[in-house]
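A short worksheet on the structure shown next.
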Amino acid sequence: MRRLLALILFVSSLAPLSLAQAADKLYFYTENFPPYNMSATGRAFEHKGDSIDGLCTDMVKAMMQHTELDYIIKLRNWDYGYNRVLDKKNHGIFCTTFTEKRSSQFKWIGPLTQNLWTIFAPPGSTVKIDSIEDVRGKKIGGYRNDVKTVFLQDMGIEVSALDSDELNPKRLALGQIDLWIADRLGGFYLASQQDVEGMVPAYSFNDTDLYLAMNPSTPDEVIKELNAALEKVKKTGMFEAIGDKYGL
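Numbering (the working numbering), first residue to last: -3 to 244.
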């Protein structure tokens, strides 16, 4: 009986440590947004970092090599990952755009890279766009909770938003939408994956920085360690090498 009691006390003493260790693990969410983040196997969801590629993913993995932090990367749709990160400590999402509206919602690591917002027109289009106001009244493709979609919606411009951006190049080519708002580099990449050629980048604007955004309850020490690790990636030359790999 004495031995059994000792064993119970020993196991109980381990439980808080295990819980603490679990709480310290970082969970990173990303999406299929080539070439920044994408499944290496072509699937909609991935549960392991080894199955996730892309410019931002490579940056995050390189950064984590300069820390002793335990982490998991999962690929989900943007809406799921975004809302989960808003609710849970030690959870983060990448790559996402820093905006004043979002600034207090997260703690920020980066920038990891940049992108250029672009309004794409269908292949062969001669449409002339000189400002965002010129797209008002057009049927514009986008995807939910994406910062570019939200930007247009905040201006009172209607967006036909899907849960994923992958179908928008085909929608554009088939005439189901008039225009598509996307990232310049990512837009052409997604179109190539859908065998859509000749899209017209009709208007580009708002060159922005992309970050890893963490839940605001994540400890400041963790944020400092992650930003310091990113600086080490830059000093080693790996930051530029990853950018070159993806055509920046």
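Ideal placement from N, C-alpha and C gives every residue a C-beta, glycine not left out. Note that this is a predicted model, so its numbers are computed, not measured.
Leaving out the 5 sequence neighbours to the left and right, which residues in its chain are closer than 7 Å to Thr95 when beta-carbon positions are compared? Stepping through the sequence shown from its first residue, residue 95 is reached at position 99. For Thr95, where only same-chain residues beyond five positions count, the Cβ hits under 7 Å are Val143.
For Lys85, does the three-state DSSP call read helix, strand or coil? Counted from its first residue, the sequence shown places residue 85 at position 89. Three-state result, Lys85: coil.
Does the beta-carbon of Asn79 have 16 or more other beta-carbons within 10 angstroms, so that it is buried, or is it exposed? If you number the sequence shown from 1, residue 79 lands on position 83. So Asn79 counts as exposed.
From Ala178 to Phe116, what distance separates their C-alpha atoms? Position 182 of the sequence shown, counted from the first residue, corresponds to residue 178. Position 120 of the sequence shown, counted from the first residue, corresponds to residue 116. Approximately 7 Å, taken between the alpha carbons.
C-beta contact flag for Phe29 and Asp150 at 8 Å: Position 33 of the sequence shown, counting from 1, holds the residue named residue 29. Position 154 of the sequence shown, counting from 1, holds the residue named residue 150. No, they are not a contact pair.
Go to Gln110, then tell me how far its beta strand (DSSP E) extends in each direction, as first and last residue. Residue numbering aside, residue 110 sits at position 114 when the sequence shown is read from its first letter. From DSSP, the beta strand (DSSP E) with Gln110 extends over 103 to 117.
Roughly how many angstroms separate the alpha carbons of Leu246 and Ser156, rounded to a whole number? Because residue 246 is not part of the residues shown, which for the chain are -3 to 244, the question remains open.
May I ask you to report which of helix, strand or coil DSSP gives Leu170? Translated into positions along the sequence shown, residue 170 becomes position 174. DSSP places Leu170 in coil when its eight states are reduced to three.
How far does the alpha helix (DSSP H) with Val219 in it reach, from first residue to last? The residue you call residue 219 lines up with position 223 of the sequence shown. The residue asked about is misnamed: residue 219 is Ile in this sequence, not Val. Looking at the DSSP string, the run of the alpha helix (DSSP H) that includes Ile219 is 216 to 232.
Among Gly38, Met55, Ala36, which one has its Cα closest to the Cα of Ala237? The residue labelled residue 237 in the question sits at position 241 within the sequence shown. Out of Gly38, Met55, Ala36, Met55 has the C-alpha closest to the C-alpha of Ala237.
According to DSSP, which residues form a beta bridge with Ala237? The count along the sequence shown starts at 1 and reaches residue 237 at position 241. DSSP output for Ala237 lists no bridge partner at all.
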